[in-house]
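Just below is one structure, and these are the notes that go with it.
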Amino acid sequence: MTPRHGGTKPTTPAPFRVTVTPGIFRPGDVLDVTISSSDSRMFKGFLLEARSANNPSSTELIGTFSNETSKYKQPCGVGSLTHSRPDDAAVKIFKWTAPSTVQGNVKFRLTVVEYFSAIYTNIESSTIVASTANTIAPSTTPTNTPVSTTATTTTRATSSTTAATTLSTTLTLSTRLSTTLMLSTKSSSAATTTTAQTTLTTRGKKMGGNELNSTSLG
């Protein structure tokens, strides 16, 4: 991954890096690939490729870079991207689309042209992990929190029991009151009957006495 115009590789560590977000992808996912420097250093050009992380010796390019401007071109097909002309920048961000079928983990390789004769090669991203899991979109529907029915059921059962007990007590009291009233009525009736009988007896005795007195007088 060396530019055709030549140049030399500086002996100092590369101040440039390539980062990818997110660090995991599924078939067809679109990821952001960022070229930047650790000290906001400007660069004029670059060459960017996505290759297999499982097979470092493979030259096969993976996925597709979006190219929506004439400022960039794809020298090795859609799996690569480079500048069309020098363009000073400190940061560049590109879109990369994962293949429709998983081909294993991926690493992005980068060459940066800081200026015409200063070229940094073989800059690699961290390993981007391929996943076959289905994408599950975060739910926007409020989750209904399960409400415990134990307390409600217990309360209802207690209320029902209390109501039943109250009703039973009321009925018992009502029955007792009715019985008391009946007994009271019977007692009153009996007392009335006894009084009437006593009155009749008394009258009978008086009448008998009068008759006796009349007989005696006659």
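Under the numbering used here, residues 102 to 319 are what the sequence shown spells out, in order. Virtual Cβ for every residue (Gly too), placed ideally from N, Cα, C. Here the structure is a predicted model, which means the values were calculated and not measured.
Kindly say whether residue i, judged by its beta-carbon, lies nearer than 8 Å to any beta-carbon of chain B.
| i | result |
| --- | --- |
| Ser158 | In summary, chain B is missing from the structure at hand, where a single protein chain is found. |
If you reduce the DSSP assignment to three classes, tell me which class residue i lands in.
| i | result |
| --- | --- |
| Ala115 | coil |
| Ser227 | coil |
| Thr212 | strand |
| Val134 | strand |
| Lys193 | strand |
| Leu313 | Low confidence applies here, because Leu313 scores a pLDDT of 35, under 50, leaving its location unreliable and the question unanswered by this model. |
| Phe144 | strand |
| Thr120 | strand |
| Lys174 | strand |
| Phe217 | coil |
| Glu150 | strand |
| Val207 | strand |
| Ser181 | strand |
| Ile163 | coil |
| Thr198 | strand |
| Thr233 | coil |
Whose CA, out of the options, lies closest to the CA of residue i?
| i | options | result |
| --- | --- | --- |
| Ser158 | Gly146, Phe217, Asn223 and Val214 | Asn223 |
| Asn168 | Ile125, Lys193 and Arg142 | Lys193 |
| Asp140 | Ala115, Leu162 and Glu225 | Ala115 |
| Thr113 | Ser232, Glu215, Gly180 and Thr160 | Glu215 |
| Gln204 | Val230, Glu225, Pro111 and Thr170 | Val230 |
| Gly180 | Thr170, Thr160, Glu225 and Ala190 | Thr160 |
| Asp189 | Gly178, Thr233 and Ser137 | Ser137 |
| Met143 | Ser226, Glu150 and Phe117 | Phe117 |
Roughly how many angstroms separate the alpha carbons of residue i and residue j, rounded to a whole number?
| i | j | result |
| --- | --- | --- |
| Thr135 | Ser153 | 18 Å |
| Ser218 | Leu148 | 15 Å |
| Gly164 | Tyr221 | 24 Å |
| Asn156 | Gly146 | 27 Å |
| Ala191 | Val213 | 11 Å |
| Ile125 | Thr233 | 10 Å |
| Ile237 | Pro111 | Confidence is the limiting factor: at Ile237 the pLDDT is only 41, short of 50, which leaves the residue's position unreliable and the question unanswerable from this model. |
| Phe195 | Phe209 | 12 Å |
| Asn206 | Thr120 | 15 Å |
| Arg127 | Ser227 | 17 Å |
| Thr122 | Leu162 | 19 Å |
| Glu225 | Thr170 | 25 Å |
| Ala151 | Phe166 | 9 Å |
Does the contact criterion of 3 or more C-beta pairs under 8 Å hold for the segment 164–176 versus the segment 184–192? yes
Spell out a yes or no on whether the segment 124–133 and the segment 187–207 are touching, meaning 3 or more CB-CB pairs, one atom from each, closer than 8 Å. yes
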